[in-house]
Structures are given as C-alpha cells and as structure tokens.
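Participant:
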DNA sequence: CGCCAGGCCTGCACGC
DNA sequence: TGCGTGCAGGCCTGGC
C-alpha cells in the first residue's frame, strides 16, 4: 500500500510523539516478515533514545543514536499509536514501547514489510544505497530525469516505478503523474523529450505533495498513524477509474496491465 | 473457487 | 561477453 506520501504522512504523524523519547522495549510477536525481524531487537532498542525520524523513498528511518531502525511497510503495513489498552491483533507483529507508555504498533497482514537494525549510516545499507534521488530534492529536475532515461527503452511507467531512477513512486502515483503530464504510460522512456521530462518531474512533485497534503491515499486497509484515513483517493484522476470518464475530457479511462501491474490512462489526453 | 491488491527481490530467456 | 529487458514467481492475507 504505502508509497512515499503514505510513508511521509506516517513519519510526520509519529515524529512529534517519538522525538527525544526513550524506548523501554520492543515486543516482537512475529519475526516472519519479508526479512526476518532481528531476534534481539528488544536488547538492541532497549533504553535507546530516538533522535530523529527520517525517510528515504518508502523506508522509514528511526535514528536511535547507537543505530537505526529501518522499517518498510510493504503492501499492507501500517504504523500506529495504540490508544487505550488495545490488545494486539493477529497481524500486529511488533510494538515499540516507550518509557512514557506510548506504544507504536506495526500491523502488516501480508507481511511484505521489513524491519532492520543497522549500525552506522543507514543509507549505505544494500537495500537503500541503490535508491535514486528523492522526488522533492531540488536536483531532481527535468534534465536529471531526461539523462537518467536515455538508456531505458522500457515503458516510462515502469521506469518511474524503478527506485533507482527516483525514490518512492509506486503504482498509484506513477499513473497519476503520467496523466497530469499527458504522457502515455506505455511510451518508451528514452523517447520522451526534455520538455516532457520537465513536465513529468513537475507533476511528480505536485502529485506527491497533494497526496501528502491529503494525508495519503486510503485503499482497503491504510490509515495514518493517528488512525485517520487519508483522502487522496478522492482526487485520483485515473487510478482505479477504468471506464469512468476522464476528468479532463470525458473519454472513458482505459485499464491495461504493464508488467503484472494495473495501469490506468486516458487514451485521449495521454499521447505517445 | 479464482482473481485481485499500494512492494520488491530473484531468476530466467532473450536480443542487441 | 555482458548488459538491459520483459517476464514469471515468490513472499503473504484478505476481499470480492
């Protein structure tokens, strides 16, 4: 589920509650995520003080001084603050218990997420060191996307979802940004000119920002750290809207598949 | 029952 | 030879 806007919404929601707080312990109920949760997480985290809450692409980075807890929410993960004494459910695999009593809970029904502990620079971890520019970085601009795509004959949509090109863009936001730029998702990336790359970067930033402003998108199970659903799904132009009218021209939105993933576009507004 | 779902890694066959 | 590419499959549960 979570793409960059949902992870960022989670980060912002948790930040004020976690910064400078001491961790009492971690409760691991199920280690069987995509990568096994470290067995000794309670010892690694116990008494650590959270210095900073960061994000790289779709990864959440909890800086504990002596090391960093890296979380990825996979398709169905969610981090939330336990209110009251809510008993752990079937898919609540991990709790971080703070010294002040606050409990941060990781729920991930499909278990595609992961929890890692790294010492030293977390950005050097093999899973993070190949990630491309953050979409909001100033240096991520049209000319960078243009040069990064010259050798890529794959479709622009699949290239946008390649984290080595740009961080954090998944299926929803690739579809939405391409619509906003009027680019056909099946167009070969290396056939897109500089002007359109510039437009695409502008619309990637714009779409992600609008989604963050809306608290992310809530499909199926996603809710933010405060338990509230985001509502960017109400602003989807094309995603999930096959055969509904294009918001710009009224032509029915077309749904196709690209590399096992659902793609949605307007056949009139988006050209090759 | 089969199919679908927001992620991402691996391995394979293929063509240049 | 060695890329990049396009697939398929795997990791899981739940909803329709």
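Numbering (the working numbering), first residue to last: 278 to 549.
Glycine is no exception: its CB is placed at the ideal position from the N, C-alpha and C atoms.
(1) Got a sec, what are the start and stop residues for the alpha helix (DSSP H) residue 473 sits in?
(2) Nearest CA to the CA of residue 306: which residue from 373, 417, 439?
(3) Express the C-alpha separation of residue 405 and residue 499 in angstroms, rounding to a whole number.
(4) Run through DSSP, which three-state label would residue 294 get?
(5) What's the gap between the Cα of residue 293 and the Cα of residue 359?
(6) Tell me whether the region 458-468 and the region 389-398 touch, counting them as touching only if at least three CB pairs, one residue from each stretch, are closer than 8 Å.
(7) Determine the contact status of residue 412 and residue 481, defining contact as a CB-CB distance below 9 Å.
(8) Can you find at least 3 beta carbon pairs, one from the region 420-437 and one from the region 485-494, that sit closer than 8 Å?
(9) Would you identify the three-state DSSP class for residue 519, choosing helix, strand or coil?
(10) Roughly how many whole angstroms lie between the Cα atoms of residue 333 and residue 391?
(11) When the Cα atoms are used, what is the spatial distance from residue 492 to residue 344?
(12) State yes or no: is the C-beta of residue 450 within less than 9 Å of the C-beta of residue 281?
(13) Going by other Cβ atoms of all chains shown within 10 Å of its Cβ, with 16 needed for buried, is residue 621 buried or exposed?
(14) Out of 315, 338, 472, which has the shortest C-alpha to C-alpha gap to residue 401?
(15) Figure out for me which residue from 355, 536, 365, 476 has the closest Cα to the Cα of residue 420.
(16) So the candidates are 448, 495, 429, 408; which of them puts its Cα closest to the Cα of residue 470?
(17) To the nearest angstrom, how far is the alpha carbon of residue 440 from that of residue 409?
(18) Which of helix, strand or coil does DSSP assign to residue 386?
(19) May I have the straight-line CA-CA distance separating residue 506 from residue 548, to the nearest angstrom?
(20) Would you list the residues sitting across from residue 369 in a DSSP beta bridge?
(21) Taking the beta carbon of residue 544 as the centre, do at least 16 other beta carbons fall within 10 Å, making it buried, or is it exposed?
(22) My assumption, with CB atoms under 8 Å, is that residue 535 sits in contact with residue 432. Please give the rounded CB distance.
(23) Near residue 447, which residues of its chain fall below 6 Å by C-beta distance, leaving aside the five closest residues on each side in sequence?
(24) Using DSSP with H/G/I as helix, E/B as strand and the rest coil, what is residue 437?
(25) What's the C-alpha gap between residue 541 and residue 388?
(26) Hey, residue 454 and residue 437: beta-carbon distance below 9 Å or not?
Facilitator: The answer reads as follows:
(1) If you number the first chain from 1, residue 473 lands on position 196. 471-490 is the span of the alpha helix (DSSP H), which, as asked, contains residue 473.
(2) For this step, residue 306 is matched to residue 29 along the first chain. When only C-alpha atoms are compared, the closest one is 373.
(3) The residue labelled residue 499 in the question sits at position 222 within the first chain. The residue labelled residue 405 in the question sits at position 128 within the first chain. Low per-residue confidence applies at residue 499: pLDDT is 49, beneath 50, and the placement is therefore not dependable enough to give any value.
(4) By one-based count along the first chain, residue 294 stands at place 17. If DSSP states are grouped into helix, strand and coil, residue 294 belongs with the helices.
(5) Here residue 293 is taken as the residue at index 16 of the first chain, counted from 1. Here residue 359 is taken as the residue at index 82 of the first chain, counted from 1. So the two alpha carbons sit approximately 15 Å from each other.
(6) no
(7) Mapped onto the first chain, residue 412 falls at position 135. Mapped onto the first chain, residue 481 falls at position 204. Yes; because the gap between Cβ atoms is below 9 Å, this pair is in contact.
(8) no
(9) Within the first chain, the letter at position 242 stands for residue 519. It is coil, neither helix nor strand.
(10) Start at 1 with the first residue of the first chain, and residue 333 comes out as number 56. Start at 1 with the first residue of the first chain, and residue 391 comes out as number 114. The straight-line gap from Cα to Cα measures roughly 14 Å.
(11) For the purposes of this step, residue 492 is identified with residue 215 of the first chain, where counting begins at 1. For the purposes of this step, residue 344 is identified with residue 67 of the first chain, where counting begins at 1. Going by the C-alpha atoms only, they are around 29 Å apart.
(12) Taking the first chain and counting its residues from 1, one reaches residue 450 at position 173. Taking the first chain and counting its residues from 1, one reaches residue 281 at position 4. Yes; because the gap between Cβ atoms is below 9 Å, this pair is in contact.
(13) The question about residue 621 has no answer, for the chain in this structure spans 278 to 549.
(14) For the purposes of this step, residue 401 is identified with residue 124 of the first chain, where counting begins at 1. Ranking 315, 338, 472 by Cα distance to residue 401 puts 338 first.
(15) The residue given as residue 420 occupies position 143 in the first chain. When each option's Cα is compared against that of residue 420, the closest is 476.
(16) In the first chain, the residue the question calls residue 470 occupies position 193. Nearest C-alpha to residue 470: 429.
(17) Numbered from 1 along the first chain, position 163 holds the residue referred to as residue 440. Numbered from 1 along the first chain, position 132 holds the residue referred to as residue 409. Spanning the two alpha carbons is a distance of roughly 6 Å.
(18) Residue mapping note: residue 386 aligns to position 109 of the first chain, counting from 1. Three-state result, residue 386: coil.
(19) Here residue 506 is taken as the residue at index 229 of the first chain, counted from 1. Here residue 548 is taken as the residue at index 271 of the first chain, counted from 1. Each residue's alpha carbon lies about 34 Å from the other.
(20) Working through the first chain from its first residue, we reach residue 369 at position 92. Answer is 384.
(21) The residue labelled residue 544 in the question sits at position 267 within the first chain. It is exposed - the Cβ of residue 544 has fewer than 16 other Cβ atoms within 10 Å.
(22) Working through the first chain from its first residue, we reach residue 535 at position 258. Working through the first chain from its first residue, we reach residue 432 at position 155. Between residue 432 and residue 535 the Cβ distance is about 6 Å, and since that is below 8 Å, they are a contact.
(23) As a first step, residue 447 is located in the first chain; it is residue number 170 there, counting from the start. The answer, listed in chain order, is 280.
(24) The residue labelled residue 437 in the question sits at position 160 within the first chain. Helix.
(25) One-based indexing of the first chain puts residue 541 at position 264. One-based indexing of the first chain puts residue 388 at position 111. One C-alpha to the other measures close to 27 Å.
(26) The sequence position of residue 454 within the first chain is 177, counting from 1. The sequence position of residue 437 within the first chain is 160, counting from 1. Cβ distance < 9 Å, so residue 454 and residue 437 count as in contact.
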